[in-house]
Amino acid sequence: GGASDVFAALLAWVREAPLRLMDLVRPESLEGLFGETYKKLSSDEARALMALDLIEQIVPVWMSGAPLCKIEAIAVGKPTGLGFCPTARHFVMRVAPDLAFIGGLPARLLLARLMTSAPEKEPSIPLTLAILGSILREGCDSAEALAARVEVGRSVSRVAARQQFEKALPFLGAATPNETFEATLIRVRNAMLVTLFSDLSASPPGSLSPN
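In my numbering, each residue carries its 1-based index in the sequence shown increased by 3.
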């Protein structure tokens, strides 16, 4: 499946033994998502389950490229009075990098397995698995969305990068079999260039005049 499917499967694996979450995510990162209720829970397993419930709600929104207010609304359970979205900002700064570590585990395990079973062959890992950690860290949901985020650069916000990517989607060709991320970057870059030309051709006469 896609990046969202793979990470959902990973979270399902963690939920089978919730204490795994405490081994893979720093406890202080999880504490920042909750108030005193979380700290007062009777066991680490209860805390892990509470954290998993919220993470499973937040991550799809984060990966969709939505603004922080959408994440904050889920975290605090209300749509207004969100202020500077402190919980969402904590998620981005502290929790998302830890989740990216979890997202990188399948590729590491698969690579180790391939190198053990066939050390004479060049290992080949599906692109989604190979870059899942980066996809999660950057708040994307596909290799193409991540490529757009890389292409526009850090001077452009994550939300604005997503908007540019969605605008380029109609011009984005299909991925080739066993496509590398470098090839994905080129494909996305070309689609975004076509978008720019389309914007120019759609401009009304005289709109580009320096006067």
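Beta carbons are placed, not taken as given, at the ideal position from N, Cα and C, and that holds for glycine. Predicted model only: the values in this text are computed from it and were never measured.
In three-state DSSP terms, what is residue i?
| i | result |
| --- | --- |
| Ile74 | helix |
| Val28 | coil |
| Thr40 | helix |
| Asn214 | Unreliable placement is indicated for Asn214, whose pLDDT of 47 sits below 50; the coordinate value is still reported in the next sentence. Residue state, collapsed to three classes: coil. |
| Ala178 | coil |
| Lys170 | helix |
| Glu125 | coil |
| Ser7 | helix |
| Ala20 | coil |
| Asp101 | helix |
| Asp144 | coil |
| Leu57 | helix |
| Val159 | coil |
| Pro63 | helix |
| Ser45 | coil |
Assuming contact is defined by CB atoms lying nearer than 8 angstroms, are residue i and residue j in contact in what I supplied?
| i | j | result |
| --- | --- | --- |
| Arg111 | Leu55 | no |
| Val9 | Thr119 | no |
| Ser67 | Asp144 | yes |
| Leu24 | Val62 | no |
| Arg192 | Glu147 | no |
| Pro21 | Ala69 | no |
Ends of the alpha helix (DSSP H) at residue i?
| i | result |
| --- | --- |
| Phe87 | Here Phe87 belongs to no alpha helix (DSSP H), and DSSP marks it neither H nor E. |
| Ala69 | Run containing Ala69: none; DSSP gives neither H nor E here. |
| Arg140 | 135-141 |
For residue i, which option in the options has the closest C-alpha, if you only look at C-alpha atoms?
| i | options | result |
| --- | --- | --- |
| Ala151 | Val197, Phe168, Leu139, Leu24 | Phe168 |
| Leu85 | Cys72, Leu14, Leu117 | Cys72 |
| Leu33 | Ile58, Ala103, Pro70 | Ile58 |
| Pro173 | Pro180, Phe184, Leu196 | Leu196 |
Does the structure place the stretch 153-170 close enough to the stretch 111-130 that three or more beta carbon pairs sit under 8 angstroms? No, the stretch 111-130 does not touch the stretch 153-170.
With a threshold of 8 angstroms, are at least 3 pairs of Cβ atoms found where one atom belongs to the stretch 30-39 and the other to the stretch 131-138? The stretch 30-39 is not in contact with the stretch 131-138.
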